[in-house]
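A.B. asks: For our numbering, count along the sequence shown from 1 and bump the result up by 59. For glycine and all other residues, C-beta sits at the position ideal for the given N, C-alpha and C. Computed from a predicted model, the values in this text were never measured in an experiment. Sending over a structure as structure tokens; questions will come in a sec.
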Amino acid sequence: MKRPDAATPTPAPLAAAQVADYIRAHPEFLEDYADLIAASLPPARFTRKGGANVADLQQFMVRNLQEELQALRDSTDHLIHTTRSNMTGQTQTHMATLALLATEGLDGLLTAIDQDVPTLTGVDAAALLISVESGGVATLDAPILPRSELDALLEGQPVVLFDSIRGDERLYGAAGGLIRSQALVRIVPGGARPDCLLAIGSRLPGAFHRGQGTELLLFLGEIVAHCLRRCLPEKP
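Shown next, in the form of structure tokens:
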């Protein structure tokens, strides 16, 4: 007859001294398992009988929890600020879109960009410039910019943001001296129509910056392109 297997011996529980020795030998242990500290009871802030010092983990635990709480608050505040900013930006862009779509003719579009867009979006200046080829002659009553300069300003991108500049009067006219940050958007009406530049400037450094999202600017640029297709002939 087969004898039953002997029962597996139960390992002896670790002594407190063994645990303490392990933690001393591996100080990173509590960093890797910080949840153990958070789950621990705060130690009494006294000494043991006989006067031996007791390591006060309470301050460490409280400080750790305070840092986690502050990090959570900071993350929440940033999320709230970003969400509110995005909602405000969307609302402003939608209002500017309605103003642009209500225009008639090139003059009306230029006026809306010059006057309504800054008012509705909270910037200080906005302008639309129509590109002309080198040596070309402008045939439209509108601000112009040589195509080579437009390409240089946009650096081959559909949108470029500048956080610290001196405003350019070629773009903003008399308001150029106020501008300290700007967004430049390439407008492509299509067909034989020339590319254009939508310039939006703020007197505040950093109001536009390279890490900023450009979705709303691209949307506004598409609206301007749509309006240009309505009012510009294919061969101006």
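Using the three-state DSSP reduction, which class does VAL182 fall into: helix, strand or coil?
C.D. replies: Against the sequence shown, residue 182 aligns to sequence position 123. Reduced to three states, the DSSP call for VAL182 is coil.
A.B. asks: Rounded C-beta distance between ASP183 and ILE238? I'm assuming under 8 Å.
C.D. replies: Sequence index remark: in the sequence shown, residue 183 carries index 124 (1-based). Sequence index remark: in the sequence shown, residue 238 carries index 179 (1-based). Sure, about 7 Å apart at Cβ, within 8 Å.
A.B. asks: Can SER240 and PHE221 be called in contact, C-beta distance under 8 Å?
C.D. replies: Numbered from its first residue, the sequence shown carries residue 240 at position 181. Numbered from its first residue, the sequence shown carries residue 221 at position 162. A contact, by the Cβ cut-off of 8 Å.
A.B. asks: Just the Cα atoms here: how many angstroms apart are VAL196 and LEU138?
C.D. replies: Position 137 of the sequence shown holds residue 196. Position 79 of the sequence shown holds residue 138. Reliability of the predicted coordinates at VAL196 is poor, the pLDDT of 49 falling under 50, and the value obtained from them is presented with this limitation in mind. Taking the straight line from one Cα to the other gives about 50 Å.
A.B. asks: Could you check how far apart the C-beta atoms of GLU293 and ARG245 are, in whole angstroms? I think they sit under 8 Å.
C.D. replies: For the purposes of this step, residue 293 is identified with residue 234 of the sequence shown, where counting begins at 1. For the purposes of this step, residue 245 is identified with residue 186 of the sequence shown, where counting begins at 1. No, GLU293 and ARG245 are not in contact; Cβ-Cβ is about 19 Å, not under 8 Å.
A.B. asks: Does the beta-carbon of LEU95 have 16 or more other beta-carbons within 10 angstroms, so that it is buried, or is it exposed?
C.D. replies: For this step, residue 95 is matched to residue 36 along the sequence shown. When all chains shown are included, LEU95 counts as exposed.
A.B. asks: Can you tell me whether DSSP reads PHE221 as helix, strand or coil?
C.D. replies: For this step, residue 221 is matched to residue 162 along the sequence shown. DSSP places PHE221 in strand when its eight states are reduced to three.
A.B. asks: Given a cut-off of 8 Å, decide if LEU188 and CYS255 are closer than it, judged by their beta-carbon atoms.
C.D. replies: For the purposes of this step, residue 255 is identified with residue 196 of the sequence shown, where counting begins at 1. For the purposes of this step, residue 188 is identified with residue 129 of the sequence shown, where counting begins at 1. It is a contact, given that the beta carbons lie within the stated cut-off.
A.B. asks: Mapping DSSP to helix, strand and coil, what is ILE238?
C.D. replies: Here the question's residue 238 lines up with position 179 in the sequence shown. In the structure shown, ILE238 sits in coil (DSSP, three-state: anything other than H, G, I, E or B).
A.B. asks: Quickly, what does DSSP pair GLY260 with across the bridge? List them, please.
C.D. replies: Taking the sequence shown and counting its residues from 1, one reaches residue 260 at position 201. DSSP output for GLY260 lists ALA184 and GLN241 as bridge partner(s).
A.B. asks: Just the C-alpha distance for THR162 and GLN151, rounded to the nearest angstrom, thanks.
C.D. replies: By one-based count along the sequence shown, residue 162 stands at place 103. By one-based count along the sequence shown, residue 151 stands at place 92. Taking the straight line joining both Cα atoms gives about 17 Å.
A.B. asks: Taking the C-alpha atoms as reference points, what is the distance between GLN216 and LEU204?
C.D. replies: For the purposes of this step, residue 216 is taken as the residue at position 157 of the sequence shown. For the purposes of this step, residue 204 is taken as the residue at position 145 of the sequence shown. Going from the Cα of GLN216 to the Cα of LEU204 covers about 17 Å.
A.B. asks: Secondary structure at LEU204, three-state DSSP: helix, strand or coil?
C.D. replies: As a first step, residue 204 is located in the sequence shown; it is residue number 145 there, counting from the start. Reduced to three states, the DSSP call for LEU204 is strand.
A.B. asks: Who pairs with ILE246 in a beta bridge, going by DSSP?
C.D. replies: Indexing the sequence shown from 1 puts residue 246 at position 187. DSSP, once it has assigned bridges, lists CYS255 as partnering ILE246.
A.B. asks: Can you have a look at LEU50 and say buried or exposed, based on whether 16 or more other CB atoms are within 10 angstroms of its CB?
C.D. replies: The shown model of the chain, from 60 to 295, leaves out residue 50, and the question about it has no answer.
A.B. asks: Evaluate VAL191 with the Cβ neighbour count: other Cβ atoms within 10 Å of its Cβ, from every protein chain shown; 16 or more gives buried, anything less gives exposed.
C.D. replies: Taking the first residue of the sequence shown as position 1, residue 191 is located at position 132. By the 10 Å Cβ count, VAL191 comes out buried.
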